[in-house]
Amino acid sequence: MSILIDTETLNTGSLLKNSFGEEYFYSVNHSAFEQSPSSVLYQQLFQEQLEAEDTLYLFVGSDSGLLIKYLLKHPPQKGSRFLIIDFPQIIENLPQPFKGDEKQRIYLYSTDEWQEKADKYELENYLFINKVKIIQSYAVIDNHIKQYKQLWKKTEEEINDSRWQVRG
219 MSILIDTETL
229 NTGSLLKNSF
239 GEEYFYSVNH
249 SAFEQSPSSV
259 LYQQLFQEQL
269 EAEDTLYLFV
279 GSDSGLLIKY
289 LLKHPPQKGS
299 RFLIIDFPQI
309 IENLPQPFKG
319 DEKQRIYLYS
329 TDEWQEKADK
339 YELENYLFIN
349 KVKIIQSYAV
359 IDNHIKQYKQ
369 LWKKTEEEIN
379 DSRWQVRG
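In short: position in the sequence shown from 1, add 218, done, that's our numbering.
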């Protein structure tokens, strides 16, 4: 069963700036970043989740680009990669444009191109060794825009299907 996501109604809305100087789309993250800097929230959320070597981490949602900034300061371990998936409307309107950092192995792709790009970064090999982790951003966790939860489920479904094809 393939999950269809209505992206026509996805609206980024306006950017807000919190008291820590961080910009984010209110429609995506509401008040998630009002009380604490995003770096503190991500540290609490991820704790030791991102420490594995030889792992492909798929992040669903960029949290208005704040997740990207965090990951750039906490690059992946040896042999690992961070691939962030978000909607084209969000990527096109990020406060600080980002296409990827090949040296740090951190990439941002739209919902309609991530699978093709993941293949370029050896998705099949990561699936074979069972080292693909799908991580929820605050956009998914807080679910203010229902399309993020749908994207999470669709990504999970696609990875599980691919895993089954690779590992049998």
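All C-beta atoms in this analysis are idealised placements derived from N, C-alpha and C, irrespective of residue type, glycine included.
Quick one: measure Cβ to Cβ for residue i and residue j, integer angstroms, because I've assumed they're closer than 8 Å.
{"i": "residue 244", "j": "residue 256", "result": "Actually they do not touch by this definition, with Cβ atoms about 14 Å apart."}
{"i": "residue 273", "j": "residue 351", "result": "6 Å"}
Check whether the Cβ atoms of residue i and residue j sit closer than 8 Å, and answer yes or no.
{"i": "residue 323", "j": "residue 300", "result": "yes"}
{"i": "residue 308", "j": "residue 230", "result": "yes"}
{"i": "residue 236", "j": "residue 282", "result": "no"}
{"i": "residue 329", "j": "residue 369", "result": "yes"}
{"i": "residue 251", "j": "residue 240", "result": "yes"}
Would you list the residues sitting across from residue i in a DSSP beta bridge?
{"i": "residue 318", "result": "325"}
{"i": "residue 354", "result": "278"}
{"i": "residue 377", "result": "Per DSSP, none; premise fails for residue 377."}
{"i": "residue 242", "result": "234"}
Can you say whether residue i is buried or exposed, counting buried as having 16 or more other CB atoms within 10 angstroms of its CB?
{"i": "residue 238", "result": "exposed"}
{"i": "residue 219", "result": "Legend: pLDDT at residue 219 = 46, less than 50; position of this residue unreliable, value from coordinates given subsequently. Label assigned to residue 219: exposed."}
{"i": "residue 356", "result": "buried"}
{"i": "residue 367", "result": "buried"}
{"i": "residue 375", "result": "exposed"}
Cβ pair count under 8 Å reaching 3, the stretch 257-268 against the stretch 281-295: yes
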